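Report on one structure; see the data block that follows.
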Amino acid sequence: MAVAEHRSFRRAAELLGLTRSSLSHVMRGLEEKMGVRLLHRTTRSVSLTDAGERLIGRLDTVLSELDHLLDEVSGEQGRPMGTLRINGSEGAIRQLLQTVVPEFLRRYPGVELDLVSDGRLVDIVEQGCDAGVRLGEAVPKDMVAVPLTPELRFLTVAAPSYLAAHPAPKLPDALARHQCIRQRLPSGKRYRWEFRKRRQELAIDVPGALTLDNSQLMVEAAIAGLGIAYVPEPYVRAALADGRLLAVLVDWCPPIPGLCLYFPNNRRVPTSLRLFIDLIRERSAAGQVT
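See the structure below:
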């Protein structure tokens, strides 16, 4: 099923924790035992034969039922097992580590958490993940989203030393006359700073001599007086509280939906993921996820 889904022995082997040669050997053994070819193989691609298509059509249901049975049996013993793989940005994974993960590992030692810190907006199904974490506005429409954090804001911040030499902008358009610390997205594009006030919305490709690809580094650069940065509020709370940074254009930075855990709505939810979601909701209800 992994080879069929990803159309690649290399990718399937990576997800299964096997070598490509081992997986190829297993597939050849299966085909020999069945007496039928299941895959068309070339040096560049892998595709299903008619027999392979028929087998996959039935296997999905059979293996789903088997997973459900195994989950039930392990659940009856109070020992959920298996691996739960979650994809998210570095900041999203840090949020999980600071809030949900410690208690989850304490309660369910039989579950292995595989947290993938990746800044790209990946297809979690294609990447073999059970769930992902993104800002609510970026969650694909065909996914189920579970709120992980309250609303948050992106704030425009600068060091007092920078603002002493460069008067604080009163309007977003005034950023054109400032040194801005720009952000490079994993796709290679620069992030356009987004502002909104009443019914007016702006997305600005700000000027600046420094571009970084990490929010924490952008904060450090701003503290060093290198320019104005635009980052999620949790990254700058401490620096704002102790005066190392000052916020500007605050009335142009309204809150947006916070981080959400999301997963496919057309697949059975593994017991480990269901328990993870239950814990998120429990911590949120108790005000322990911020």
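Residue numbers for the sequence shown follow the working numbering, so the first one is 1041 and each next one is one higher. The beta carbon of each residue, even a glycine, is placed where N, CA and C say it ideally should be. From a predicted model like this one, the values you see are computed outputs, not experimental measurements.
Just measuring C-alpha positions, the residue of Leu1161, Ala1185, Ala1287 sitting nearest Ser1227 is Leu1161. Gly1128 is positioned such that its CB atom lies closer than 9 angstroms to that of Val1156. By the beta-carbon neighbour count (other beta carbons within 10 angstroms, threshold 16), Gly1298 is buried. Here the alpha carbon of Pro1187 sits roughly 18 angstroms from the alpha carbon of Phe1194. The segment 1130–1173 contains, as complete beta strand (DSSP E) runs of 3+ residues, the segments 1151–1157 (chain order). Per the C-alpha coordinates, the member of Arg1217, Ala1199, Lys1237 positioned closest to Ala1287 is Ala1199. When secondary structure is reduced to three states using DSSP, Ala1216 falls in the helix class. In the structure shown, His1206 falls within a coil segment according to DSSP collapsed to helix, strand and coil. In the DSSP assignment, Tyr1275 falls outside any beta strand (DSSP E) and within the unbroken alpha helix (DSSP H) covering 1273–1281. Distance from Pro1212 to Trp1292 at the Cβ level is roughly 6 angstroms; contact confirmed, criterion being Cβ atoms closer than 8 angstroms.
DSSP, read as helix, strand or coil, puts Leu1250 in strand. For Leu1056, the closest of Asp1154, Met1074, Ser1087 by C-alpha to C-alpha distance is Asp1154.
The Cβ atoms of Glu1071 and Leu1079 sit closer than 9 angstroms to each other. In chain order, Tyr1231 place their CB closer than 6 angstroms to the CB of Gln1223, counting only its own chain and leaving out the 5 sequence neighbours on each side. The shortest C-alpha to C-alpha distance from Ile1126 to any of Gln1219, Leu1242, Arg1051, Glu1166 is the one to Glu1166. Per DSSP, Thr1189 is not a residue of any beta strand (DSSP E), being assigned neither H nor E. Residue pairing for Lys1237: DSSP places it in a beta bridge opposite Gln1240. The Cβ-Cβ distance between Leu1175 and Pro1274 does not fall below 9 angstroms. Here Ala1249 is exposed. Its C-beta has fewer than 16 other C-beta atoms within 10 Å.
If you ignore the 5 residues before and after Pro1209, its C-beta comes within less than 7 angstroms of the C-beta of Leu1215, His1218, Val1288, Leu1289, all in its own chain and listed in chain order. In this structure, Ala1269 and Val1197 form a Cβ contact; the two beta carbons are roughly 6 angstroms apart against a cut-off of 8 angstroms. Distance between Phe1303 and Met1074, taken at the CA atoms: about 35 angstroms. The C-beta distance from Gly1172 to Ser1255 rounds to 18 angstroms, too long to meet the 8 angstroms contact threshold. In terms of CA proximity to Pro1272, Pro1294 leads the group Thr1251, Pro1294, Ser1087. Each of Arg1134, Pro1149, Ser1085, His1065 was checked against the Cα of Leu1315, and the nearest Cα belongs to Pro1149. Per the DSSP secondary-structure output, Val1086 pairs in a beta bridge with Arg1081. Taking the Cβ atoms as the reference, Met1258 lies roughly 5 angstroms from Ile1221, within the contact range of under 8 angstroms.
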